[in-house]
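Novice: Under this note's numbering, the first residue of the sequence shown carries the number 53, and numbering increases by one thereafter.
Here a beta-carbon is modelled for each residue, glycine too, at the ideal position from N, C-alpha and C.
Being a predicted model, the structure only gives us computed values, none of them experimental.
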Amino acid sequence: MPKLYPLKIVFIFLVWTAFTLYGASSALCFVSSGGDYEMEFSRVVSGGQLSSGGNYTAKGAVSQIHLPEGIGSLAGEYVNRVGFYNPPRFTYQGGLPVQLFFESGNVELFLPANSINRRVFDITINKDAVNNPVLTDSAKVINANNKMKINEGDWSRLYSGNISEMFVFDEQDYWTDSFPEKGLLAMSYEDVDNDGILDGSNPPVRVETIQSWALDEEYEMWVKMAGANFDINLKKISVPLRAPGIFALFGQLDNSVKDAHAFPVPFRPNGPNAGIGMGKTGTEADGIIFTNVPDIGNIEIYTIDGRLVKDMDIASNVFDTDKVNWDVKNDSGQKVASGVYIWRVVSGSNSKTGKLMIIR
Numbered sequence: 053m054p055k056l057y058p059l060k061i062v063f064i065f066l067v068w069t070a071f072t073l074y075g076a077s078s079a080l081c082f083v084s085s086g087g088d089y090e091m092e093f094s095r096v097v098s099g100g101q102l103s104s105g106g107n108y109t110a111k112g113a114v115s116q117i118h119l120p121e122g123i124g125s126l127a128g129e130y131v132n133r134v135g136f137y138n139p140p141r142f143t144y145q146g147g148l149p150v151q152l153f154f155e156s157g158n159v160e161l162f163l164p165a166n167s168i169n170r171r172v173f174d175i176t177i178n179k180d181a182v183n184n185p186v187l188t189d190s191a192k193v194i195n196a197n198n199k200m201k202i203n204e205g206d207w208s209r210l211y212s213g214n215i216s217e218m219f220v221f222d223e224q225d226y227w228t229d230s231f232p233e234k235g236l237l238a239m240s241y242e243d244v245d246n247d248g249i250l251d252g253s254n255p256p257v258r259v260e261t262i263q264s265w266a267l268d269e270e271y272e273m274w275v276k277m278a279g280a281n282f283d284i285n286l287k288k289i290s291v292p293l294r295a296p297g298i299f300a301l302f303g304q305l306d307n308s309v310k311d312a313h314a315f316p317v318p319f320r321p322n323g324p325n326a327g328i329g330m331g332k333t334g335t336e337a338d339g340i341i342f343t344n345v346p347d348i349g350n351i352e353i354y355t356i357d358g359r360l361v362k363d364m365d366i367a368s369n370v371f372d373t374d375k376v377n378w379d380v381k382n383d384s385g386q387k388v389a390s391g392v393y394i395w396r397v398v399s400g401s402n403s404k405t406g407k408l409m410i411i412r
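1. List the whole-angstrom C-beta distance separating F413 from D180, where the pair is believed to meet the contact cut-off of C-beta under 8 angstroms.
2. Beta-carbon within less than 6 angstroms of K332's beta-carbon, same chain only, minus the 5 sequence neighbours each way: which residues are those?
3. Around the Cβ of L360, are there at least 16 other Cβ atoms within 10 angstroms (buried) or fewer (exposed)?
4. Counting Cβ pairs, one atom from each stretch, are 3 or more of them under 8 angstroms apart for the stretch 288-298 and the stretch 374-384?
5. In the DSSP assignment, the beta strand (DSSP E) including G172 goes from what residue to what residue?
6. Can at least three beta-carbon pairs, one atom from the stretch 294-303 and one from the stretch 242-259, be found at a separation below 8 angstroms?
7. Here's a check: name, in chain order, each residue in its chain whose Cβ is nearer than 7 angstroms to the Cβ of G147, leaving out the five neighbours to either side.
8. Is the stretch 315-324 touching the stretch 212-220 in the sense that three or more CB pairs, one from each, lie closer than 8 angstroms?
9. At what residues does the beta strand (DSSP E) containing P351 begin and finish?
10. If I measure Cβ to Cβ from D229 and keep anything under 8 angstroms in the same chain, skipping five residues before and after, which residues do I get?
11. Curious, which full-length beta strand (DSSP E) runs of at least 3 residues does the stretch 261-287 contain?
12. Enumerated in chain order, which unbroken segments of the beta strand (DSSP E) with a length of 3 residues or greater are wholly contained in the stretch 339-405?
13. Within 10 angstroms of its Cβ, does G106 collect 16 or more other Cβ (buried), or is it exposed?
14. Within 8 angstroms, do at least three Cβ pairs link the stretch 343-352 to the stretch 389-398?
15. Helix, strand or coil for E217 per DSSP?
16. Below 8 angstroms between beta carbons: does that hold for K375 and E269?
17. How many Å lie between E354 and Y211 at the Cα?
18. For the beta strand (DSSP E) containing A238, list its first residue and its last residue.
19. Quick check: the Cα distance between I411 and G391, rounded to an integer number of angstroms?
20. By DSSP, does V83 sit in helix, in strand, or in coil?
21. Tell me which residue opens and which closes the beta strand (DSSP E) that I298 is part of.
22. Skipping 5 residues on each side, what residues in its chain have a beta carbon closer than 8 angstroms to that of T373?
23. Once you ignore the five residues that flank F342 on each side, which residues in its own chain have a CB closer than 6 angstroms to its CB?
24. Evaluate L408 with the Cβ neighbour count: other Cβ atoms within 10 Å of its Cβ, from every protein chain shown; 16 or more gives buried, anything less gives exposed.
25. Does DSSP put V291 in a helix, in a strand, or in coil?
26. So is N197 buried or exposed if we call it buried at 16+ other beta carbons inside 10 Å?
27. On the three-state DSSP scale, how would you describe A314?
28. Quick check: the Cα distance between N307 and N402, rounded to an integer number of angstroms?
29. Using alpha carbons as the reference points, say which of Q386, I356 and N322 lies closest to E336.
30. For D245, which of P232, Q263, M273 and N285 has the nearest alpha-carbon?
31. Within 10 angstroms of the Cβ of E239, are there 16 or more other Cβ atoms? Answer buried if so, exposed if not.
32. Identify every residue that forms a DSSP beta bridge with Y144.
33. Using CA atoms only, rank isn't needed, just tell me which of L236, M277 and L267 is closest to L161.
34. Let me make sure I understand the geometry here. Which of I340, L267 and N203 has the alpha-carbon closest to that of V22?
35. Do the CB positions of P140 and T176 come within less than 8 angstroms of each other?
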């Protein structure tokens, strides 16, 4: 009587055989925006055409398979195992480069050939890594988040879609080692109105302060990822990927004061060039504007002999992302007299000073 093999083993053997006998030069997987887990198409490419053999399997995706116009499946089946896993698992052949895209743009993953020493392996990207991590204890993520807030303040918090768990495994175990060849992980942030503020952030987070972080599970803390490339036009941050894990984007407290300055100087609202714009000396209604100020800190105005005239909290007075308006009045609400004054912008341990001239 012939020996019966379990269905799972037979399926694995068939997939492995197809890859081994026919081979393929690369594998591409594109995931559509329907919940981020809907397969748009899966294919094996050889010289720009469909391979005449070799299976590509996407386990857990729900959709149709779209092939290039005029090209049919010459050999082998392209399989979607509907609803089998959540989050879905995308299967790749060892020795081939890996490319995984989400149409929403939240995550893009690239691994060069031979990054993973397995004949066949699965990759999963879990978009709910805070509430339902697959491999990591959720308490570690929560502890790391709390430490980040303590160190950096409320600006450094996770927002929806800015965290992903990526892991690799085969039928035997998970791949937890570093990749022999570094890959690339790209994560996007949302700024639909292009105002330079991360959508949904409160307090507001400036997009130029966003950076990529990886979870250090041993110490339960977020570690900044080196080598990040920031593309403000595509609203995307790309970083070298050295190992599987949990990755996130955090907006950091911006306490840089090096570009802060005040205008107009001199301030002469009743002079011949009074008005708003280049070469103008200002108006009483608009006062003096401090620009390129940090997210948090103070602006202090002193007389030339060091007496405090005005102290303004930046966070409470910002009117346009990085601008603070001074109505040229002292803390008692009285107009400041003509003369020379010293301004000082302070944020944490950073400070910058400059001079003002007021002519009424």
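Specialist: This is what the structure gives:
1. The requested residue 413 is not part of the displayed model; the chain covers only 53 to 412.
2. Contacts found: N325.
3. Flag for L360 reads exposed.
4. Contact between the stretch 288-298 and the stretch 374-384 is absent, with fewer than three C-beta pairs closer than 8 angstroms.
5. A small correction: the amino acid at residue 172 is Val; Gly does not occupy that position in the sequence shown. Where V172 is concerned, the enclosing beta strand (DSSP E) starts and stops at V172 to N178.
6. Pairwise C-beta distances place the stretch 294-303 in contact with the stretch 242-259, as three or more of them are shorter than 8 angstroms.
7. Cβ neighbours of G147 within its own chain (closer than 7 angstroms, five residues either side excluded): A165 and N166.
8. As far as the Cβ criterion goes, the stretch 212-220 does not touch the stretch 315-324, which means the pair count is below three.
9. According to the sequence shown, residue 351 is Ile rather than Pro. Segment N350 to T355, the beta strand (DSSP E) holding I351.
10. Excluding sequence neighbours, D229 sits near A295.
11. Listed in chain order, they are 262-268, 273-276 and 281-283.
12. Here the runs fully enclosed are 340-343, 350-355, 360-365, 376-378 and 391-399.
13. Confidence at G106 is low in this model, with a pLDDT of 40, below 50, so its placement is unreliable and no value can be given for it.
14. In this structure the stretch 389-398 lies against the stretch 343-352, because at least three pairs of beta carbons, one per stretch, are closer than 8 angstroms.
15. In the structure shown, E217 falls within a strand segment according to DSSP collapsed to helix, strand and coil.
16. Not closer than 8 angstroms, so no.
17. Glu is not the amino acid found at residue 354; the sequence shown has Tyr there. Straight through space, the alpha carbons of Y211 and Y354 are spaced by roughly 40 angstroms.
18. Counting along the chain, the beta strand (DSSP E) containing A238 begins and ends at G235 to S240.
19. Going by the C-alpha atoms only, they are around 7 angstroms apart.
20. Its pLDDT being 48, under 50, V83 is placed unreliably by the model, and the measurement read from it follows with that caveat. V83 falls in the strand class under three-state DSSP.
21. DSSP places I298 in the uninterrupted beta strand (DSSP E) bounded by G297 to G303.
22. Answer for T373: D247, G248, I249, P256 and R258, listed in chain order.
23. If we look at F342 and ignore the five residues flanking it on each side, its Cβ neighbours are A314, I351 and V376.
24. With 16 or more Cβ atoms within 10 Å of its Cβ, L408 is classed as buried.
25. Shown here, V291 sits in a strand according to DSSP, grouped into three states.
26. Around the beta carbon of N197, 16 or more other beta carbons sit within 10 angstroms, so the residue counts as buried.
27. Look at A314 here: in three-state DSSP terms it is strand.
28. One alpha carbon belongs to N307, the other to N402, and they sit about 7 angstroms apart.
29. Between E336 and the set Q386, I356 and N322, the nearest pair of CA atoms involves N322.
30. With distances taken between Cα atoms, D245 lies closest to N285.
31. In the sequence under discussion, the amino acid at residue 239 is Met, which differs from the Glu named in the question. Counting Cβ neighbours within 10 Å, M239 comes out buried, since at least 16 surround it.
32. Residue pairing for Y144: DSSP places it in a beta bridge opposite F173.
33. The candidate whose alpha carbon is nearest that of L161 is L236.
34. Since the displayed the chain opens at 53 and closes at 412, residue 22 lies outside it and no answer follows.
35. Yes. Within cutoff.
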